[in-house]
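Each protein sequence line maps, in turn, to chains A and B. If you want this note's numbering, it's the position in the first sequence, counting the first as 1, plus 134. If you want this note's numbering, it's the position in the second sequence, counting the first as 1, plus 1. The beta-carbon is built from N, C-alpha and C at its ideal position, and this holds for glycine as well. Quick caveat, the model's predicted, so the values are computed rather than measured.
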Amino acid sequence: MADAKADPQRKPSSSEASSPQTSSPAASNSTASGTGNAPTRKAVPEAPRTLTPGPRQGPQPKTKIEVKDLQFWYGDTHAIKGVTMNIPAHQVTAFIGPSGCGKSTVLRCLNRMNELIPDTRMEGTIRVDEQDIYADEADPVMVRRRIGMVFQKPNPFPKTIYKNITWGAKINGYQGDYEALVEESLRKAALWEEVKDRLHTSAYNLSGGQQQRLCIARALAVKPDILLMDEPASALDPIATAKLEETIVELKQDYTIVIVTHNMQQATRVSDRTAFFYVGELVEMGDTEMLFTRPSDEKTDAYISGRFG
Amino acid sequence: MPSTDTTQMSPAQPVPQPPSGGTSGNGAVDYSTNLEWSLRERIVQVLLGACALLTIGTTLGIVGILLYESFSFFLSVGIFDFLLGTEWRFAGVEPSFGVLPLVAGTMLITVIAALVGLPLGLGAAIYISQYASRPARKVLKPALEVLAGVPTVVYGYFALTFVSGVIIQGIDPSLPPLNALSAGLVVGVMIIPMVASVSEDALRAVPSSLSDGAYALGATKIEVVMKVVVPAALSGIIASFILAISRAIGETMIVAIAAGATANLTVNPLESIQTMTGFIVQVAKGDIDQGTLSYQSLFAVGLLLYIITLGMNLLATWLTRRFQEQY
Numbered sequence: 135m136a137d138a139k140a141d142p143q144r145k146p147s148s149s150e151a152s153s154p155q156t157s158s159p160a161a162s163n164s165t166a167s168g169t170g171n172a173p174t175r176k177a178v179p180e181a182p183r184t185l186t187p188g189p190r191q192g193p194q195p196k197t198k199i200e201v202k203d204l205q206f207w208y209g210d211t212h213a214i215k216g217v218t219m220n221i222p223a224h225q226v227t228a229f230i231g232p233s234g235c236g237k238s239t240v241l242r243c244l245n246r247m248n249e250l251i252p253d254t255r256m257e258g259t260i261r262v263d264e265q266d267i268y269a270d271e272a273d274p275v276m277v278r279r280r281i282g283m284v285f286q287k288p289n290p291f292p293k294t295i296y297k298n299i300t301w302g303a304k305i306n307g308y309q310g311d312y313e314a315l316v317e318e319s320l321r322k323a324a325l326w327e328e329v330k331d332r333l334h335t336s337a338y339n340l341s342g343g344q345q346q347r348l349c350i351a352r353a354l355a356v357k358p359d360i361l362l363m364d365e366p367a368s369a370l371d372p373i374a375t376a377k378l379e380e381t382i383v384e385l386k387q388d389y390t391i392v393i394v395t396h397n398m399q400q401a402t403r404v405s406d407r408t409a410f411f412y413v414g415e416l417v418e419m420g421d422t423e424m425l426f427t428r429p430s431d432e433k434t435d436a437y438i439s440g441r442f443g
Numbered sequence: 002m003p004s005t006d007t008t009q010m011s012p013a014q015p016v017p018q019p020p021s022g023g024t025s026g027n028g029a030v031d032y033s034t035n036l037e038w039s040l041r042e043r044i045v046q047v048l049l050g051a052c053a054l055l056t057i058g059t060t061l062g063i064v065g066i067l068l069y070e071s072f073s074f075f076l077s078v079g080i081f082d083f084l085l086g087t088e089w090r091f092a093g094v095e096p097s098f099g100v101l102p103l104v105a106g107t108m109l110i111t112v113i114a115a116l117v118g119l120p121l122g123l124g125a126a127i128y129i130s131q132y133a134s135r136p137a138r139k140v141l142k143p144a145l146e147v148l149a150g151v152p153t154v155v156y157g158y159f160a161l162t163f164v165s166g167v168i169i170q171g172i173d174p175s176l177p178p179l180n181a182l183s184a185g186l187v188v189g190v191m192i193i194p195m196v197a198s199v200s201e202d203a204l205r206a207v208p209s210s211l212s213d214g215a216y217a218l219g220a221t222k223i224e225v226v227m228k229v230v231v232p233a234a235l236s237g238i239i240a241s242f243i244l245a246i247s248r249a250i251g252e253t254m255i256v257a258i259a260a261g262a263t264a265n266l267t268v269n270p271l272e273s274i275q276t277m278t279g280f281i282v283q284v285a286k287g288d289i290d291q292g293t294l295s296y297q298s299l300f301a302v303g304l305l306l307y308i309i310t311l312g313m314n315l316l317a318t319w320l321t322r323r324f325q326e327q328y
């Protein structure tokens, strides 16, 4: 990886990296993905707590985000080595993998947050609803308005709950009824009942889990259609996590959700599809149930059964 | 390990040796106090305490002398005549000790300096902390430090010869060479580094998670800076403003050189004026007899100056707490 600086070395390594991946998601997209493997039963996701309303399987959902040969560098470090994947609309897609595998980096490429970090470089294309969000004429500000994000640590603004929600809408020139917007956003984030009597108190008085749901409400108030979540429950206790997960599952009716998590149980609980990353590469992507019960790659198998990570 | 007198009897003892004494014959540990050590501890503590006490002592001494000499002064001059009087003639046949002209001079300089220094300093801080690339920051920060390191006497002559002599008189040669404007402008330049560095620290202390959150909502750079980062750093910015103003009020050399020595109750920046500090310098380096009323007036003005700057610093502390946006 340190050698990635030298240009001649970068090219072969990237094409090498991308070739197995282009086939891997394709394979796991089809029903054929699991058939080759002997059904291995993993102790891990024995009985996923089912939060999902309605059946998981339906008509093949349409692709919302299309990532093609994504490469990313932090300075000289080649962090993402050719990732190609399709993220379906109105589903929850989980990114899993050990620390430093690039899952958060890929996530942050999806709404152009990475370009805020100096000394980074990206290659490849990302299309949302068939529009290239990295096209020359695409404005990162407009991209982020459509693709909301929730971060690892709750990061409400040091303002009141009400102003946290209206802040994004205001800078976006929202003309409607702010009171209604605040209520609607808070209801969607399952926070309304808990805070409706203290909307004008500081967001910092809320608990960590409430703050995180406030951050979701804040993101929803801008009316995005995609919601990216970067380990949203990592700073929360189990009860707050359960509540957050419930919220996520409810939200997928209206939004396409991508969630990074290092908690595999969480992935099984909330997601419809799961992508497993390992050292900057997408190893495998498929239906969550399939991936956790019959992974087609050895590394996935080792990771989900807790042999490393 | 201390080289104190541990007995040679227990060489293979793996447990940490007690700091003092030794082990008695049967291996029991001696926990009794090592007098040499505890004495050393005490000496160090007393020396360090003396350092701390010295600063308090100095402050108390200064305040004491100011109060004592001012007290004698106020025995002869009524406190309201002093504070509200509009004539300041400290020498001559018929002295008059109305301090307002000096206060007005100080305020005039301070307002001009604040108008120049606060926006420029804050602008520089915002640029350095939010916009500047790493190489640009590497040039800008030392440049500000150089500005902060210029001796005020150099600033004073810069104000007199260049700002007043070349620029102001270049525009209108009939204007007085000693004037409040040139001194005020240069005091403003002098406080830029202070505003910039304290504000920059405050701006950089705003966690990036806040600005990330704003960016993720589709905010533009200017919206993130002005509506999230600056409000979150407001307490530090206000503190930098007040410290800088306090510094401008107390600035002496520049005004002594460039502002003039005419106690003048005016708001016209193009006139020659005198500030409280300027007056103190004039008297202190002059040949006024100790014990005279004119001499004592120096302490009265000094006390007033001290109260004003102390008040500003307290205000800064209070405002900092008042506007704290916790994060």
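Give the secondary structure of residue i by DSSP, where H, G and I count as helix, E and B as strand, and everything else as coil.
i, result
"Thr221 (chain B)", "coil"
"Ala324 (chain A)", "coil"
"Val207 (chain B)", "coil"
"Leu362 (chain A)", "strand"
"Ser368 (chain A)", "coil"
"Ile309 (chain B)", "helix"
"Ile110 (chain B)", "helix"
"Gln387 (chain A)", "coil"
"Asn314 (chain B)", "helix"
"Asp173 (chain B)", "coil"
"Met195 (chain B)", "helix"
"Lys215 (chain A)", "strand"
"Gly302 (chain A)", "helix"
"Tyr208 (chain A)", "strand"
"Val201 (chain A)", "strand"
"Ser336 (chain A)", "strand"
What's the C-alpha gap between residue i and residue j?
i, j, result
"Thr427 (chain A)", "Ile239 (chain B)", "59 Å"
"Lys453 (chain A)", "Ala206 (chain B)", "Examination of residue 453 (chain A) is not possible in this model, given that chain A is present from 135 through 443 alone."
"Ala303 (chain A)", "Ala220 (chain B)", "10 Å"
"Ile110 (chain B)", "Ser183 (chain B)", "9 Å"
"Gly209 (chain A)", "Ala115 (chain B)", "42 Å"
"Pro120 (chain B)", "Asn180 (chain B)", "23 Å"
"Ala197 (chain B)", "Leu204 (chain B)", "10 Å"
"Lys237 (chain A)", "Val201 (chain A)", "13 Å"
"Val140 (chain B)", "Val151 (chain B)", "17 Å"
"Val226 (chain A)", "Pro358 (chain A)", "15 Å"
"Ile295 (chain A)", "His334 (chain A)", "6 Å"
"Glu42 (chain B)", "Ile66 (chain B)", "36 Å"
"Arg441 (chain A)", "Tyr412 (chain A)", "14 Å"
"Arg135 (chain B)", "Arg255 (chain A)", "17 Å"
"Val64 (chain B)", "Val302 (chain B)", "13 Å"
"Asp288 (chain B)", "Tyr296 (chain B)", "9 Å"
"Asp173 (chain B)", "Asp253 (chain A)", "52 Å"
"Cys52 (chain B)", "Ile44 (chain B)", "13 Å"
Hey, would you say residue i sits closer than 8 Å to residue j, going by beta carbons?
i, j, result
"Val329 (chain A)", "Leu315 (chain A)", "no"
"Met283 (chain A)", "Leu362 (chain A)", "yes"
"Ala409 (chain A)", "Phe229 (chain A)", "yes"
"Arg407 (chain A)", "Asp421 (chain A)", "yes"
"Ile214 (chain A)", "Leu244 (chain A)", "no"
"Glu252 (chain B)", "Thr162 (chain B)", "no"
"Lys196 (chain A)", "Ile221 (chain A)", "no"
"Tyr437 (chain A)", "Pro232 (chain A)", "yes"
"Val462 (chain A)", "Ile360 (chain A)", "Nothing about residue 462 (chain A) can be read from this structure; chain A reaches only from 135 to 443."
"Gln275 (chain B)", "Ala260 (chain B)", "yes"
"Val100 (chain B)", "Leu84 (chain B)", "yes"
"Phe91 (chain B)", "Val284 (chain B)", "yes"
"Phe98 (chain B)", "Gly86 (chain B)", "yes"
"Asn306 (chain A)", "Arg278 (chain A)", "no"
"Gly106 (chain B)", "Asn269 (chain B)", "no"
Just checking residue i against the ligand MG - is the residue's beta carbon closer than 7 Å to any of the ligand's heavy atoms?
i, result
"Ser130 (chain B)", "Absence of the ligand MG from the depicted structure is noted, as is the absence of any ligand whatsoever, leaving it without description."
- prompt: When Cβ atoms are compared, which residues of the stretch 283 to 310 of chain B fall closer than 7 Å to chain A?
  reply: Residues are counted here when their Cβ sits less than 7 Å from a Cβ of chain A; for the stretch 283 to 310 of chain B the count is zero.
message: Restricting to runs no shorter than 3 residues, where is the beta strand (DSSP E) found entirely within the stretch 214 to 291 of chain B?
response: none
query: Which runs of the beta strand (DSSP E) fall wholly inside the stretch 377 to 429 of chain A and span at least 3 residues, in chain order?
result: 390 to 394, 407 to 412 and 415 to 421
- prompt: Looking at chain A, which residues of the stretch 203 to 219 of chain B have a Cβ within less than 7 Å of any of its Cβ atoms?
  reply: Within the stretch 203 to 219 of chain B, the qualifying residues are Ser210, Leu211, Asp213, Gly214, Tyr216, Ala217, Leu218 and Gly219.
message: Counting only Cβ-Cβ distances shorter than 8 Å, please list the residues of the stretch 229 to 254 of chain A near chain B, keeping chain order.
response: Of all residues in the stretch 229 to 254 of chain A, Asn245, Met247, Leu250 and Pro252 have a Cβ within less than 8 Å of some Cβ in chain B.
- request: Closer than 9 Å, Cβ to Cβ, to anything on chain A: give me those residues from the stretch 223 to 250 of chain B, in chain order.
  value: Glu224, Lys228, Val229, Pro232 and Ala233
- prompt: Taking any Cβ of chain B, which residues in the stretch 300 to 333 of chain A have a Cβ under 8 Å from it, in chain order?
  reply: Trp301, Gly302, Ile305 and Asn306
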